[in-house]
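Quick note on numbering: the sequence shown equals residues 1 to 179 in the numbering used here.
The structure appears right after this line, and notes come after that.
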Amino acid sequence: MQSSTSVRDSAEKYGLVTRVLHWGMALLFAWQFTSALAHMLFEDTAIDEFFWGTHKPVGLVLMVLILIRAVWGLLNLKRRPPADSMAAGLGHLALYVLMLVVPAVALFRQYGSGRKFEAFGMTIMQGFEESQKIQWMIDLGSNFHKILGYLLLIMIVGHIFFAIRHYLKGDTHITDRML
Ligand code: HEM
Ligand code: HEM
């Protein structure tokens, strides 16, 4: 029998680390998309100013967490509960790809711009002469960060919809294993 506080995943339930990463990151994603939507809808208002200042630091934290989560997921791949269907498995894979690509292209753009990047009182990128900026990195971020960011949002909304539908239909084993 598997204890509900087991650290690693098992075929019946996601372990503690997976669940803390899932729900902790869900909260951070909620904050991150609030800052993105505030920036789009209420540009140059106090709401935008309040949230937007957190967008890059929280995005950086999400980038680190998704790398940890991806490695943890691979280490637990054979142990964790099997996907409910091929579509659910592919949906989770697509979420992983977007969770990696969306902050990564933004960080490439940040680096390529040559501008110094500081977060949490630390220098993350030193920056360099603007005349040396790396155009392909800037283009990568400018062409893909926003659009893929909103695609990720749509996929998350779909993911939550299907999770709630499972719960309401009585397939509670699907929701229980992440709770
Ligand atoms: C998983 C993490 C992230 C998500 C989900 C995300 C999502 C988004 C979204 C949806 C927008 C469009 C906002 C609008 O419509 O105005 C946006 C814009 C932006 N993001 Fe992020 N972001 C993330 C991480 C980052 C990181 C790490 C950085 C930089 C270090 C960054 C920098 C920016 C900048 C400068 C913009 C405005 C320019 C643009 O629209 O591309 N983001 N982000
Ligand atoms: C209210 C919000 C959320 C609910 C109710 C929810 C619910 C669930 C449930 C029930 C599972 C287990 C599904 C299964 O084993 O077949 C799951 C797994 C998963 N969820 Fe969520 N989720 C939420 C938010 C998010 C967010 C914001 C993300 C980020 C993209 C996300 C990404 C994932 C992924 C990738 C999995 C597969 C297991 C893993 O590798 O962590 N979820 N979710």
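Think of the CB as a built atom: it goes at the ideal place given N, C-alpha and C, for glycine as much as any other residue.
Would you mind sorting residue i into buried or exposed? The rule is 16 or more other CB atoms within 10 Å of its CB.
| i | result |
| --- | --- |
| residue 61 | buried |
| residue 50 | exposed |
| residue 149 | buried |
| residue 2 | Note that residue 2 scores 47 on pLDDT, short of 50, meaning its location in the model is unreliable; the coordinates nonetheless yield the value given after this. Its Cβ having fewer than 16 others within 10 Å, residue 2 is exposed. |
| residue 179 | exposed |
| residue 171 | exposed |
| residue 74 | exposed |
| residue 59 | buried |
Identify whether residue i lies in helix, strand or coil by the three-state DSSP scheme.
| i | result |
| --- | --- |
| residue 83 | coil |
| residue 124 | strand |
| residue 117 | strand |
| residue 88 | helix |
| residue 96 | helix |
| residue 178 | coil |
| residue 171 | coil |
| residue 8 | coil |
| residue 146 | helix |
| residue 129 | coil |
| residue 164 | helix |
| residue 134 | coil |
| residue 3 | Note that residue 3 scores 49 on pLDDT, short of 50, meaning its location in the model is unreliable; the coordinates nonetheless yield the value given after this. Here residue 3 sits in coil by DSSP. |
**Contact the stretch 102-117 vs the stretch 166-173: 3+ CB pairs below 8 Å** = no
Count the CB pairs spanning the stretch 89-108 and the stretch 137-146 that are closer than 8 Å, and state whether there are at least three.
-> yes
task = Entirely within the stretch 10-87 and at least 3 residues each: give me those beta strand (DSSP E) ranges in chain order.
result = none
- Query: Can at least three beta-carbon pairs, one atom from the stretch 73-89 and one from the stretch 12-23, be found at a separation below 8 Å?
  - Reply: yes
For this session: Say whether the stretch 118-129 touches the stretch 85-98, bearing in mind that this needs 3 or more beta-carbon pairs closer than 8 Å, one atom from each stretch.
Result: no
- Between the stretch 53-73 and the stretch 21-40, do at least 3 Cβ pairs fall closer than 8 Å? yes
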